[in-house]
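*Asks:*
Residue numbers (the working numbering), protein chains in the order written: chain A, 1 to 110; chain B, 1 to 110.
#1: Give the DSSP-derived three-state secondary structure of residue 81 of chain A in the structure shown.
#2: Using C-beta distances below 8 Å, list every residue in its chain close to residue 36 of chain A, excluding the 5 sequence neighbours before and after it, in chain order.
#3: Could you work out which residue in A:18, A:55, A:54, A:56 is closest to residue 38 of chain A when comparing CA atoms only?
#4: Taking C-beta to C-beta, are residue 74 of chain B and residue 59 of chain B nearer than 9 Å?
#5: One question on the structure: do residue 33 of chain A and residue 44 of chain A come within less than 9 Å of each other, judged by their Cβ atoms?
#6: Can you grab the Cα-Cα spacing for the pair residue 29 of chain B / residue 91 of chain A, in whole Å?
#7: Below 8 Å on the Cβ atoms is my contact criterion, and I expect residue 7 of chain B with residue 84 of chain B to pass it. Report the Cβ-Cβ distance as a whole number of Å.
#8: Identify whether residue 74 of chain A lies in helix, strand or coil by the three-state DSSP scheme.
#9: According to a CB-to-CB cut-off of less than 9 Å, which residues of the region 13 to 46 of chain A neighbour chain B?
#10: Which word fits residue 57 of chain B, buried or exposed, when buried means at least 16 other C-beta atoms lie within 10 angstroms of its C-beta?
#11: For residue 104 of chain B, name the three-state secondary structure that DSSP assigns.
#12: I'd like the span of the alpha helix (DSSP H) that includes residue 46 of chain A, first residue to last.
#13: Looking only at its chain, what residues have a beta carbon closer than 8 Å to the beta carbon of residue 10 of chain B, apart from the 5 residues adjacent to it on each side?
#14: By Cβ distance below 7 Å, which residues in the same chain neighbour residue 66 of chain B in space, the five residues on each side in sequence not counted?
#15: How long is the line joining the alpha carbons of residue 5 of chain B and residue 104 of chain B, rounded to whole angstroms?
#16: Would you say residue 91 of chain A faces chain B, with C-beta separation under 9 Å as the test?
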């Protein structure tokens, strides 16, 4: 399970359509910042702010070779956030299983 | 699939440990604001700000009866955000299935 600080940063990073689109694009393959920026009509400094938020969340790592910066998605970091949803669902499930058990017991006692 | 604005608001709401704890608590059952606030050493106005962020994201609805405000989780809204993760995973899967197919083909041609 990702710790609270990690989850804060990952959910914050995902709370923006540009950043979610970048994550989706990087899910296909690593890409350069220019490739990632191309679909958005955005000045490069503004786009770089989004990349930095993604890097701070550890969802994305980047490396520079010459003048080209290439970004890669860290899927395990996304999986950590997904796990939080799984945990919520398993809590609900436990609750409803218990309720089912109780109802079955009450029904048997009638 | 939840739209972009909804996803922005839901992920923003989840980017905080107090709000995630409230969502987890409401997953067990509806609860009053006082019950929800009890575990946190926080002034009520500060806690109410978190409740308002959760309400804005539509993750939580609340209703007032007399002086008591009761909050309820809207699970379908959480499920919408979870779906976003499912979609990313299915994109990767398609990509790797294609890669597997390609590798199998290349291997057959050797």
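From the three backbone atoms N, C-alpha and C, an ideal C-beta is built for every residue, glycine too.
*Replies:* The relevant details are as follows:
#1: helix
#2: 22, 25, 26, 47, 51, 71
#3: A:18
#4: yes
#5: yes
#6: 11 Å
#7: 6 Å
#8: coil
#9: 13, 14, 15, 16, 17, 20, 23, 24, 27, 28, 29
#10: buried
#11: helix
#12: 44 to 56
#13: 2, 57, 58, 59, 77, 78, 80, 81
#14: none
#15: 42 Å
#16: yes
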